[in-house]
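Okay, structure first, notes after.
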Amino acid sequence: MPEITPPKASGSPSSARPWARGSNVSLRTIAKEADVEVATASRHFPDRDGLYRAVIEHTADKMRDVVDRHLPRFPNAPEETWRSVIGEMVSLSFPAVAQLQAIYEPLLAQTKQHELCPPDLGYLSFHFAIVALSRPLPEPAEEVYVGRRAWLVDVFIDGLRTQGAD
Numbered sequence: 001m002p003e004i005t006p007p008k009a010s011g012s013p014s015s016a017r018p019w020a021r022g023s024n025v026s027l028r029t030i031a032k033e034a035d036v037e038v039a040t041a042s043r044h045f046p047d048r049d050g051l052y053r054a055v056i057e058h059t060a061d062k063m064r065d066v067v068d069r070h071l072p073r074f075p076n077a078p079e080e081t082w083r084s085v086i087g088e089m090v091s092l093s094f095p096a097v098a099q100l101q102a103i104y105e106p107l108l109a110q111t112k113q114h115e116l117c118p119p120d121l122g123y124l125s126f127h128f129a130i131v132a133l134s135r136p137l138p139e140p141a142e143e144v145y146v147g148r149r150a151w152l153v154d155v156f157i158d159g160l161r162t163q164g165a166d
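Just so you know, we're using the UniProt record's numbering here: the sequence shown kicks off at 1 and counts up by one.
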């Protein structure tokens with residue numbers, strides 16, 4: 001099955017925007033960006049889920065390429081390489097990242113307005129904190145921790161509030 005990918009999206013976040021809208025983007029928009037007919041896109045991807053998976057796989061492949069290109073540079077220039085690899089990964093406009101921003105920005109705007117978090121708290125930092133707080137632990141630790149998750153969430157919220165007041 002031929003891969004349908006947006007040829008212009010490889011280096012330009014603005015041309016990747018339709019792909020970054022996630023599963024709500026129309027097939028017509030995706031086909032236009034990929035420079036194929038809608039019928040061609042429909043033939044290769046009869047349902048939205050298949051098309052969306054192909055886009056995710058394409059983006060994951062691009063991320064893998066970025067990492068693979070940068071790993072050999074770490075020994076000689078670790079900090080510069082680290083900054084470069086992250087910058088390139090962010091510029092890929094991975095669909096989930098755009099969705100997270102749309103979800104979290106209104107919430108964070110309110111919390112910042114009410115000084116419940118630091119004014120510079122970004123949506124990705126917030127998301128990764130939520131991921132860390134909600135991630136299951138290995139079985140023995142989870143049994144001990146299960147009753148303390150609410151406490152840890154309170155500590156997180158109180159810590160954000162303290163940083164917001166500074």
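All C-beta atoms in this analysis are idealised placements derived from N, C-alpha and C, irrespective of residue type, glycine included. Keep in mind that this is a model prediction, so the values were computed, not measured.
message: Tell me whether the segment 156-164 and the segment 106-116 touch, counting them as touching only if at least three CB pairs, one residue from each stretch, are closer than 8 Å.
response: Here the segment 156-164 makes contact with the segment 106-116; the two share three or more CB pairs at distances below 8 Å.
Cα-Cα separation, Arg-28 to Pro-46: Here residue 28 corresponds to residue number 28 of the sequence shown, with the count starting at 1. Here residue 46 corresponds to residue number 46 of the sequence shown, with the count starting at 1. Rounded to the nearest angstrom, the two C-alpha atoms are 13 Å apart.
query: Between which two residues does the alpha helix (DSSP H) harbouring Ser-125 extend?
result: For the purposes of this step, residue 125 is taken as the residue at position 125 of the sequence shown. Its alpha helix (DSSP H) spans residues 123-134.
task: Quick one: give me the first and last residue of the alpha helix (DSSP H) that His-44 is part of.
output: Start at 1 with the first residue of the sequence shown, and residue 44 comes out as number 44. Boundaries of the alpha helix (DSSP H) harbouring His-44: 38-44, taken from the DSSP string.
task: Examine chain D for any beta-carbon lying closer than 9 Å to the beta-carbon of Leu-116, and answer yes or no.
output: Absent from the structure is chain D; it holds one protein chain and no more.
query: So, are the CB atoms of Asp-58 and Leu-100 less than 9 Å apart?
result: Here residue 58 corresponds to residue number 58 of the sequence shown, with the count starting at 1. Here residue 100 corresponds to residue number 100 of the sequence shown, with the count starting at 1. At residue 58 the sequence reads His, which differs from the Asp that was named. The beta carbons of His-58 and Leu-100 sit no closer together than 9 Å.
task: Tell me whether Leu-108 is buried or exposed, calling it buried when 16 or more other Cβ atoms sit within 10 Å of its Cβ.
output: What you label residue 108 is simply residue 108 of the sequence shown in a count that begins at 1. It counts as buried.
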